[in-house]
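What follows is one structure encoded as structure tokens, with my remarks underneath.
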Amino acid sequence: MRFMMLMYPGAKAETGHPPDAKIVAAMMKYNEELAKAGVLLALDGLHASAKGARITVRGGKRDVVDGPFTEAKELVGGYWMIQVKSRDEAIAWASRIPLGEDEMVELRQVYELTDFPPDVQQLAEPLARR
Amino acid sequence: MTTARGAIEAVYRIEAPRLIAGLTRFVRDVGLAEELAQDALVIALERWPRDGVPDNPGAWLMTTAKHRAIDRARRAKLAVRKHEELAADLPDAIEPRDPDDDVGDDLLRLMLVACHPVLSTEARVALTLRLLGGLTTEEIARAFLVPEPTIAQRIVRAKRTLAEAKVPFEVPRGADRFARIASVLEVIYLVFNEGYTATSGDAWLRRELCDDALRLGRILAELAPGEAEVHGLVALMELQASRLPARLGPGGEPILLLEQNRARWDHLLIQRGLISLARAESIAVGRGRYAIEAAIAACHARARTAEATEWPRIAALYASLAMVVPSPVVELNRAVALGMALGPAAGLEVVDQLVESHALDGYHLLPAVRGDLLVKLGRLAEAKLELERAAALTRNARERDLLLARAAACG
């Protein structure tokens, strides 16, 4: 099973300052541990929201709003994609992420085709072939 | 959803390979090392719910298991009244090891031992999945469609064989090192194929063997980053696994590579496969079989449509593969690629040589490929005969139906 571990670094990630060397070192050690255990598929860190944008639909109209976004606490700062054998294993790995005060990791299971009922899988087929 | 027991067992599964590896180095016996690791798990199940999970669970489990080892040795020695002797040994026994020997080396040693040539292939597979893949005996039994006691016995015997043969816990050097790593690669690829070609039993469960093999391959790639063939095998498995979501139709029928919906391929795995292949090719002086097979898989992965496949390159890669692992099946694949690259007549020429050599007599794909090439050449009467011959030879009912339908279409 695949899980995405989403990192919510809190307000400080929005300042644009790189995190201090100690935290970076701990994170690198953790990433290395994931790779050595053969569970890491992908990981990335995200720039501050000032470099991003949000696209929404209001009243049938598409709206593009440039960052930064105000609710800094609710912003994703990065993610890992891991392949594990159970939800418990995913939790065990997520629990080892070096976290600071006010930081949060959210664990989400990734959909795989077999997670859908057969009728939905069949519906998806002609769409994907188009 | 999460129980304390489940959480602790998950931590144990993460730590077990390194734990068993470190303990094997300590007690020089794989079987005993595994028992000690499980003793430590039992103690953790008792204490962690009360005291909380320690900050470094791996180190905690290792220390606990080592103390168990000393307790056991002490008891055994007491029985033969050699307590004093052992007591003198004790202080050294839990000293930190030589800093040059890191945990990774122990893990590589454990992999090499589990795949040691004194063991049968079946035993290597079971032991590797158990000690390094973290699978239970029951899981291995279900995946391989074998009764659980059979697997349990296989593992017990394998451990005994290793102990009796006094297999050293080491990474050999030079040519020996490569041969031993090749044995690990063979075991990993066998596990992968067991899942990849799963057509019977609980197919979904067996499919998990692909993930187990990929995990073992990725671990090995970290342990032996200088070995081109390790990266070659990882690349091959990542690229093949990327096609898993597209390989079966809604009714469970197999879909051939060229007819697969490429939008369904797993592009994350394709990227990983291409990176591993580049790594293999940056190391290798002479290419190994896995890297070549991965390069063939990469040709398919890179092609946006079936029509865009680089067949001349694939034909050339099969020619290189035939030099490394000469085999009539490889030659047949080369014939298919040549048929696509240069036209059916070129493919047929190679196939006819194979027919004359009798090397593939009884192999249904030989007449199937020949029939396909004859259809393309418009020689329908001959094609019909070949396709019918192929249908009579295959053991797969779905494939037989498909071949007979094609034969019937020849008129």
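Protein chains in written order, with our numbering: chain A, 1 to 130; chain B, 1001 to 1411. Beta carbons are placed, not taken as given, at the ideal position from N, Cα and C, and that holds for glycine.
Judged by DSSP secondary structure, L1342/B falls within the alpha helix (DSSP H) whose first and last residues are 1328-1342. With distances taken between CA atoms, V1156/B lies nearest to R1130/B out of I1181/B, G1288/B, R1130/B. If you draw a 10 Å sphere on the C-beta of E14/A, you find 16 or more other C-beta atoms in it, and that means buried. In this chain, T1150/B is not harboured by any beta strand (DSSP E); it is covered by the alpha helix (DSSP H) spanning 1148-1164. Not flagged as an interface residue toward chain A: V1027/B, since no C-beta distance is shorter than 9 Å. M1/A sits in coil when the DSSP states are folded into three classes, being neither helix nor strand. Around the CB of N1333/B, 16 or more other CB atoms lie within 10 Å, so the residue is classed as buried. Taking a beta-carbon distance threshold of 9 Å, T1002/B counts as an interface residue toward chain A. The beta-bridge partner set that DSSP reports for K61/A consists of R58/A. DSSP, read as helix, strand or coil, puts D1212/B in helix. From the beta-carbon of D88/A, the residues of chain B found nearer than 8 Å are T1002, G1006, A1007, E1009, A1010. Following the DSSP letters along the chain, one finds G1273/B inside the alpha helix (DSSP H) bounded by residues 1267-1283. One thing to note: E1238/B has its Cβ within 9 Å of the Cβ of L1214/B. Within the stretch 1242-1264 of chain B, contact with chain A at the beta-carbon level (separation under 8 Å) is assigned to P1245, P1250, N1261, A1263, R1264. In summary, the residues of the stretch 1127-1153 of chain B whose CB is separated from some CB of chain A by less than 8 Å are G1134, in the order they occur in the chain.
Residue V1369/B holds the alpha-carbon nearest to the alpha-carbon of E1331/B among I1043/B, V1369/B, V1146/B, W1060/B. Here D44/A is exposed: its Cβ has fewer than 16 other Cβ atoms, across all protein chains shown, within 10 Å. Take the alpha-carbon of I1275/B and the one of D1105/B: they are about 24 Å apart. Assignment of P1117/B by DSSP, reduced to helix, strand and coil, places it in the coil class.
For Y1290/B, the closest alpha carbon among the candidates E1310/B, A1306/B, R1313/B, L1317/B is that of L1317/B. Excluding sequence positions up to five before and after E1034/B, its CB lies within less than 6 Å of the CB of I1020, all in the same chain and listed in chain order. Your pair Y8/A and L107/A does not check out as a contact, with CB atoms roughly 12 Å apart and the cut at 8 Å.
Per DSSP, the unbroken alpha helix (DSSP H) holding Y30/A starts and ends at 21-36.
In this chain, the beta strand (DSSP E) harbouring L107/A covers 104-109. For the pair A1069/B and E1259/B, the Cα-to-Cα distance works out to about 57 Å.
For E74/A, no Cβ of chain B is located within less than 9 Å of the residue's own Cβ. Between L1108/B and R1072/B, the C-beta spacing is not below 9 Å. Boundaries of the beta strand (DSSP E) harbouring Y79/A: 78-83, taken from the DSSP string. Between S1242/B and D1211/B, the gap from beta carbon to beta carbon reaches 9 Å or more. Sixteen is the threshold: since fewer than 16 other Cβ atoms of the shown chains lie within 10 Å of the Cβ of S1357/B, the residue is exposed. The alpha helix (DSSP H) runs of length 4 or more contained entirely in the stretch 1218-1246 of chain B are, from start to end of the chain, 1228-1241. Chain B has a Cβ within less than 9 Å of the Cβ of K85/A. Partner residues in the beta bridge of A42/A, as assigned by DSSP, are M81/A. Per DSSP, reduced to three states, the secondary structure at D1051/B is helical.
By the neighbour-count criterion, in which a residue is buried when 16 or more other Cβ atoms sit within 10 angstroms of its Cβ, E1194/B is buried. Contact with chain A is found for R1272/B, since one of that chain's Cβ atoms lies less than 9 Å from the residue's Cβ.
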